[in-house]
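The next block holds one structure in the form of structure tokens; read it before the comments.
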Amino acid sequence: MSVRKKVPSLVDLCVQKTIDNVRYLGDVGETDAHLLERILPHCTVDQLMHVEKSTEGRDLSPVTDKLWKIFFEKQFGTNSTNQVIKRMRDKKVSYKWIQLYEAKLKEVAEAEKKSFDRIRQLYKKEVDRRQSKQVRLCTKVPPSSKRKFWADGGSGYNVSNVKSNIMKKSRIEYLKSPEVRNLAAIRKKPSIQRTNRIVRPFDLVSLRVTLEITLSSSSIIKKGGISGNGSTSKRLNL
Numbered sequence: 002m003s004v005r006k007k008v009p010s011l012v013d014l015c016v017q018k019t020i021d022n023v024r025y026l027g028d029v030g031e032t033d034a035h036l037l038e039r040i041l042p043h044c045t046v047d048q049l050m051h052v053e054k055s056t057e058g059r060d061l062s063p064v065t066d067k068l069w070k071i072f073f074e075k076q077f078g079t080n081s082t083n084q085v086i087k088r089m090r091d092k093k094v095s096y097k098w099i100q101l102y103e104a105k106l107k108e109v110a111e112a113e114k115k116s117f118d119r120i121r122q123l124y125k126k127e128v129d130r131r132q133s134k135q136v137r138l139c140t141k142v143p144p145s146s147k148r149k150f151w152a153d154g155g156s157g158y159n160v161s162n163v164k165s166n167i168m169k170k171s172r173i174e175y176l177k178s179p180e181v182r183n184l185a186a187i188r189k190k191p192s193i194q195r196t197n198r199i200v201r202p203f204d205l206v207s208l209r210v211t212l213e214i215t216l217s218s219s220s221i222i223k224k225g226g227i228s229g230n231g232s233t234s235k236r237l238n239l
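Quick note on numbering: our numbering labels position 108 of the sequence shown as 109, and the sequence is numbered without any gaps.
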């Protein structure tokens, strides 16, 4: 004889259909507790939390409390679960497991935030330490308070500046000399034309010789040697 298959009842069909669409559950209203005990264990953590928050005017803890204890132990471990039970026993208090689950989530989030902040501070400190050891190029060199000395052990004065000052002084003395003034006066006079050629009183060679004699005469005059008029007559004869 063949065994007849049991025909499911209408309630069983409704429960199975609800389980298949458990992700759409919200406010369960006044649904019988024995039906919820068959349906809600198929919910995930987020789905069960949605049912808890959506259901108004009804406490679902008689059905869901044991489910939240299972989720607590799965996510936070057996040791944490036993520790919570021991604390409630020692303090003689009792909390719903959904409350304990939410409190533990908040505690873990705060601990993670503190750890992240500490890691970020350590990372920033390490970056600052490395940057402090880096070599940086200075665009502006600060003035040195020490005098610069030449490699050959000479004095610290700048030879180029001394030479420049000597040349300027010699040039000024030359321009103020009577010879240069006479030369300038001669150039201002009309030139004598001979066979369509301009005769210049001095050429470049004469000018150079005059400059050399002027410099030497100036040094001799300073020493009290030859007088200024004598040196002038000698240069004009050139």
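Glycine included, C-beta positions come from ideal geometry on N, C-alpha and C.
Problem - the region 82-102 contacting the region 58-66, beta-carbon criterion three pairs below 8 Å - result: The region 82-102, when compared against the region 58-66, does touch it at the 8 Å Cβ threshold.
Exercise for the section: Can you grab the Cα-Cα spacing for the pair Lys1 / Asn83, in whole Å? Expected result: Nothing about residue 1 can be read from this structure; the chain reaches only from 2 to 239.
Practice task
Taking the CB atoms as reference points, tell me whether Ile20 and His43 lie closer together than 8 Å.
Solution key: Walking along the sequence shown from the start, residue 20 turns up at place 19. Walking along the sequence shown from the start, residue 43 turns up at place 42. Taking C-beta atoms as the reference points, Ile20 and His43 count as a pair closer than 8 Å.
Practice task
Starting from Gln48, follow the alpha helix (DSSP H) in both directions and report where the run begins and ends.
Solution key: On the sequence shown, position 47 is the one that residue 48 refers to. Start and end: 46-55.
Practice task
Out of Leu123, Arg131, Lys105, point me to the one whose CA is closest to Lys70's CA.
Solution key: Your numbering for residue 70 matches position 69 in the sequence shown. For Lys70, the closest of Leu123, Arg131, Lys105 by C-alpha to C-alpha distance is Lys105.
Problem - Secondary structure of Gln1, DSSP reduced to three states - result: Coverage of the chain is limited to positions 2 through 239, which leaves residue 1 absent and any answer about it impossible.
Exercise for the section: Answer yes or no: do Ser55 and Asp33 have a C-beta to C-beta separation smaller than 8 Å? Expected result: Position 54 of the sequence shown, counted from the first residue, corresponds to residue 55. Position 32 of the sequence shown, counted from the first residue, corresponds to residue 33. No. Outside cutoff.
Exercise for the section: Assign Glu31 to one of three DSSP states: helix, strand, or coil. Expected result: Stepping through the sequence shown from its first residue, residue 31 is reached at position 30. Glu31 falls in the coil class under three-state DSSP.
Handout entry: Collapsed DSSP secondary structure at Asp91 in the structure displayed
Key = Taking the sequence shown and counting its residues from 1, one reaches residue 91 at position 90. DSSP places Asp91 in helix when its eight states are reduced to three.
Exercise for the section: Please state if the CB of Val85 and the CB of Leu61 are separated by a distance shorter than 8 Å. Expected result: For the purposes of this step, residue 61 is taken as residue 60 along the sequence shown, with counting starting at 1. For the purposes of this step, residue 85 is taken as residue 84 along the sequence shown, with counting starting at 1. With contacts defined by Cβ atoms closer than 8 Å, Leu61 and Val85 do not form a contacting pair.
Practice task
State the Cα-Cα distance for the pair Lys7 and Gln17, rounded to the nearest angstrom.
Solution key: The residue given as residue 7 occupies position 6 in the sequence shown. The residue given as residue 17 occupies position 16 in the sequence shown. One C-alpha to the other measures close to 15 Å.
Problem - Euclidean distance between Cα positions of Leu37 and Glu74 - result: Along the sequence shown, read from residue 1 onward, the residue named residue 37 stands at position 36. Along the sequence shown, read from residue 1 onward, the residue named residue 74 stands at position 73. The C-alpha of Glu74 is placed about 22 Å away from the C-alpha of Leu37.
Practice task
In the DSSP assignment, find the unbroken alpha helix (DSSP H) run with Gln17 in it and report its ends.
Solution key: Here residue 17 corresponds to residue number 16 of the sequence shown, with the count starting at 1. Bounds of the alpha helix (DSSP H) holding Gln17 are 11-21.
Exercise for the section: Count the other C-beta atoms from every protein chain shown that fall within 10 angstroms of the C-beta of Ile40, then say buried if there are 16 or more, exposed otherwise. Expected result: Translated into positions along the sequence shown, residue 40 becomes position 39. Per the 10 Å Cβ criterion, buried.
Exercise for the section: Please work out which residues of its chain come closer than 7 Å, Cβ to Cβ, to Val23, disregarding the five sequence neighbours upstream and downstream, and give them in chain order. Expected result: The residue labelled residue 23 in the question sits at position 22 within the sequence shown. Hits under 7 Å: Ile40, His43, Cys44, Gln48.
Handout entry: Expected contact under 8 Å - CB spacing of Phe72 and Val46 to nearest Å
Key = Numbered from 1 along the sequence shown, position 71 holds the residue referred to as residue 72. Numbered from 1 along the sequence shown, position 45 holds the residue referred to as residue 46. Yes, they are in contact, since the Cβ atoms of Phe72 and Val46 sit about 5 Å apart, within 8 Å.
Exercise for the section: Report the residue from Ala185, Val12, Ala186, Glu53 whose alpha carbon sits nearest the alpha carbon of Gly30. Expected result: Locating residue 30 in the sequence shown gives position 29, where the first residue counts as 1. Among Ala185, Val12, Ala186, Glu53, the Cα nearest to that of Gly30 is on Glu53.
Practice task
Give the secondary structure of Val136 by DSSP, where H, G and I count as helix, E and B as strand, and everything else as coil.
Solution key: In the sequence shown, the residue the question calls residue 136 occupies position 135. Of the three classes helix, strand and coil, the one that applies to Val136 here is coil, per DSSP.
Practice task
Could you tell me which of Arg5, Leu26, Tyr25, His35 sits nearest to Asp13, measuring between CA atoms?
Solution key: Position 12 of the sequence shown, counting from 1, holds the residue named residue 13. Among Arg5, Leu26, Tyr25, His35, the Cα nearest to that of Asp13 is on His35.
Exercise for the section: Label Ser165 either buried or exposed according to how many other C-beta atoms from any shown protein chain fall within 10 Å of its C-beta, with 16 as the threshold for buried. Expected result: For the purposes of this step, residue 165 is identified with residue 164 of the sequence shown, where counting begins at 1. In summary, Ser165 is exposed, with fewer than 16 beta-carbon neighbours lying within 10 Å of its beta-carbon over all protein chains present.
Problem - Local conformation of Arg172 per DSSP, three classes - result: Numbered from 1 along the sequence shown, position 171 holds the residue referred to as residue 172. Correct three-state label for Arg172: helix.
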